[in-house]
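Protein chains: 2
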Amino acid sequence: MATNAYPRTKRGIARREQILRAAEATIGEQGFSAASIADITRQAKTALGTFYIYFSSKEDVFRELVLEMGQLTRGVVTEAVTDAPNRLDAERAGLKAFLRFVAARPSLYRIVEEARFIDSEAYKAYFTSFAKAYAVQLSEAAAAGELRPGDAEVRAWALMGIAKTLGERYVLWDDTSDIDHIVDEAFAMIRDGLAP
Amino acid sequence: MATNAYPRTKRGIARREQILRAAEATIGEQGFSAASIADITRQAKTALGTFYIYFSSKEDVFRELVLEMGQLTRGVVTEAVTDAPNRLDAERAGLKAFLRFVAARPSLYRIVEEARFIDSEAYKAYFTSFAKAYAVQLSEAAAAGELRPGDAEVRAWALMGIAKTLGERYVLWDDTSDIDHIVDEAFAMIRDGLAP
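Here the protein sequences come in this chain order: A and B. Read in order, the letters of the first sequence are residues 43 to 238 in the working numbering. Read in order, the letters of the second sequence are residues 43 to 238 in the working numbering.
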């Protein structure tokens, strides 16, 4: 299924964006199966037909949201760790930025998790590409003596697992959590381990 | 929706079990929405009507599978850690047992993850109850000096996140992984942290 052409006019770009945000809200809240294209255009306050100018199907707009989440997460985390003096500080800053991003865009988090069942190739590609870049950074940091030596790929997946699960438990399920406290506690374990 | 009565005869118990295993295979492979009750009974080699003797709906059999996964995972992990001389060794043994269980029952793992979208209350209940019991053990171990002090609940969720994510990446997606190596590397991080 071909993705329809990206709009060239300012108005077109704005309308496409409006539909994307409506899809984020609608699919994030109702889930992929329950959310219809009519629900999305109603939320976007556009005619049903307008959807098809920009997207070929619900699957198409969904894939776009998964891609967007990937770019946004990377952007947010990369920006947060830019000023970190070393990799450990970067881990802490990255975890905090990720949890704050989940709080700001809970629907995008749910959409990526639902992708596992709707578009499993997009889901795998999303996390595999993220993990690959992450492992390179961990590997370089270990080579520079900033981290204890170890398998950077396993570490990348383990750290992503921590971030995803804390995001679900302490942000999506409970928006009253003290994110700073969660980050402090998780980071203490990541830095020093559980051994007494 | 009421769950139908649990069978009393040997034959009834065996048929119910046959349908459950067929539901595990069918829903685990096709996903909840795509898998029909007809697919399940075909796989179970029983008549369509037989399904309704034991379960009231597809949601009902699904909920039963999520509950079952909870009991099985706890059983497998509890048994694996029984002989561990201390909590750190228990963490290693529990992680290894969990990954081996995912390898043995990949469909059950997928079903629990899909529960997030099909029956989110069952999903939350599953992980919250697991985390609660886990946190008690971590808390007692820290009090006994077997672990560095810290927030046991945050640790429980972080450790569950590691196990879930490694299970997906290194077991579900790639059944050629060296599970012992994955456990060694993840456990080294859990025990000693990443600080050099």
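All C-beta atoms, glycine included, are put in the ideal place defined by N, C-alpha and C.
B:Phe74 by DSSP, collapsed to three states: which one?
Here residue 74 of chain B corresponds to residue number 32 of the second sequence, with the count starting at 1. It is coil, neither helix nor strand.
By the three-class DSSP mapping on this structure, what secondary structure does A:Lys87 have?
In the first sequence, residue 87 of chain A corresponds to position 45, counting from 1. Looking at A:Lys87 - three-state DSSP - the assignment turns out to be coil, as it is neither helix nor strand.
Extent of the continuous alpha helix (DSSP H) to which B:Val119 belongs:
The residue labelled residue 119 of chain B in the question sits at position 77 within the second sequence. It spans Lys100 to Val123 - the alpha helix (DSSP H) in which B:Val119 sits, taken as one unbroken run.
Which listed residue (A:Met231, A:Ala200 and A:Met111) has its alpha carbon closest to that of B:Arg197:
As a first step, residue 197 of chain B must be located in the second sequence, where it is residue number 155. Looking at the Cα atoms, A:Met231 is the closest of the given residues.
May I have the straight-line CA-CA distance separating A:Ala177 from A:Arg134, to the nearest angstrom?
Position 135 of the first sequence holds residue 177 of chain A. Position 92 of the first sequence holds residue 134 of chain A. If I take the Cα positions, the gap works out to 16 Å.
Suppose the cutoff is 8 Å on Cβ atoms and the five residues either side in sequence are ignored; what does the same chain contact list for A:Ile224 look like?
One-based indexing of the first sequence puts residue 224 of chain A at position 182. Excluding residues within five positions, the ones whose Cβ falls inside 8 Å are Leu141, Leu208 and Tyr212.
At a cut of 8 Å, does the segment 107 to 119 of chain A reach the segment 158 to 168 of chain A through at least three beta carbon pairs?
yes
Any Cβ of chain A within less than 9 Å of the Cβ of B:Glu101?
Sequence index remark: in the second sequence, residue 101 of chain B carries index 59 (1-based). No, its Cβ sits nowhere closer than 9 Å to a Cβ of chain A.
How many angstroms separate the CA atom of B:Ala185 from the CA atom of A:Gly192?
Sequence index remark: in the second sequence, residue 185 of chain B carries index 143 (1-based). Sequence index remark: in the first sequence, residue 192 of chain A carries index 150 (1-based). Rounded to the nearest angstrom, the two C-alpha atoms are 29 Å apart.
is_contact[B:Lys174, chain A] using C-beta, thresh 9 Å
Translated into positions along the second sequence, residue 174 of chain B becomes position 132. No, because no Cβ of chain A sits closer than 9 Å to the Cβ of B:Lys174.
According to DSSP, simplified to helix, strand and coil, what is B:Ser171?
Position 129 of the second sequence, counted from the start, is the residue given in the question as residue 171 of chain B. Three-state result, B:Ser171: helix.
If you compare alpha carbons, which of B:Ala175, B:Tyr96 and B:Thr68 is closest to B:Ser149?
On the second sequence, position 107 is the one that residue 149 of chain B refers to. When each option's Cα is compared against that of B:Ser149, the closest is B:Thr68.
Relative to the C-alpha of A:Gly54, which residue among A:Ile95, A:Ile79 and A:Gln72 is closest?
Indexing the first sequence from 1 puts residue 54 of chain A at position 12. Nearest C-alpha to A:Gly54: A:Ile95.
State yes or no: is the beta carbon of B:Gly112 nearer than 9 Å to at least one beta carbon in chain A?
Position 70 of the second sequence, counting from 1, holds the residue named residue 112 of chain B. Not closer than 9 Å to any Cβ of chain A, the Cβ of B:Gly112 fails to qualify, so no.
Which residues in the same chain have their Cβ closer than 7 Å to the Cβ of A:Gly235, if we skip the five residues on either side of it in sequence?
Here residue 235 of chain A is taken as the residue at index 193 of the first sequence, counted from 1. Closer than 7 Å at Cβ, skipping near neighbours: no residue.
Using beta carbons (cut-off 9 Å, strictly below), is B:Leu236 in contact with chain A?
In the second sequence, residue 236 of chain B corresponds to position 194, counting from 1. So, interface residue.
Closer than 9 Å at the beta carbon, the chain A residues around B:Phe159:
One-based indexing of the second sequence puts residue 159 of chain B at position 117. Chain A residues near B:Phe159: Gly73, Phe74, Ser75, Arg152, Glu155, Glu156 and Phe159.
Could one say the Cβ of A:Leu107 lies closer than 9 Å to chain B's Cβ atoms, at least one of them?
Sequence index remark: in the first sequence, residue 107 of chain A carries index 65 (1-based). No - not a single Cβ of chain B is within 9 Å of the one on A:Leu107.
Give me the Cα-Cα distance between A:Arg233 and A:Asp220, rounded to the nearest whole angstrom.
Here residue 233 of chain A is taken as the residue at index 191 of the first sequence, counted from 1. Here residue 220 of chain A is taken as the residue at index 178 of the first sequence, counted from 1. One C-alpha to the other measures close to 20 Å.
Nearest to A:Gly9 (by Cα), restricted to the options A:Phe143, A:Asp102, A:Ser99 and A:Ile61:
This structure cannot settle anything about residue 9 of chain A, because the visible part of chain A is limited to 43 through 238.
Using the Cα positions of B:Val119 and B:Leu137, report the straight-line distance between them to the nearest angstrom.
Numbered from 1 along the second sequence, position 77 holds the residue referred to as residue 119 of chain B. Numbered from 1 along the second sequence, position 95 holds the residue referred to as residue 137 of chain B. So the two alpha carbons sit approximately 8 Å from each other.
Report the residues of the segment 184 to 200 of chain A with a CB closer than 9 Å to any CB of chain B, ordered along the chain.
Ala184, Gly187, Glu188, Leu189, Arg190, Pro191, Gly192, Asp193, Glu195, Val196, Arg197, Trp199 and Ala200
According to the Cβ coordinates, are B:Arg147 and B:Glu66 closer than 9 Å?
Residue numbering aside, residue 147 of chain B sits at position 105 when the second sequence is read from its first letter. Residue numbering aside, residue 66 of chain B sits at position 24 when the second sequence is read from its first letter. Going by C-beta atoms, B:Arg147 is nearer than 9 Å to B:Glu66.
Would B:Thr83 be called buried (16 or more neighbouring beta carbons within 10 Å of its own) or exposed?
Here residue 83 of chain B refers to the residue found at position 41 of the second sequence. Per the 10 Å Cβ criterion, buried.
By alpha-carbon positions, which one of B:Glu188, B:Phe74, B:Pro238 and B:Thr218 ends up nearest to A:Ala237?
By one-based count along the first sequence, residue 237 of chain A stands at place 195. Cα-wise, what sits closest to A:Ala237 is B:Glu188.
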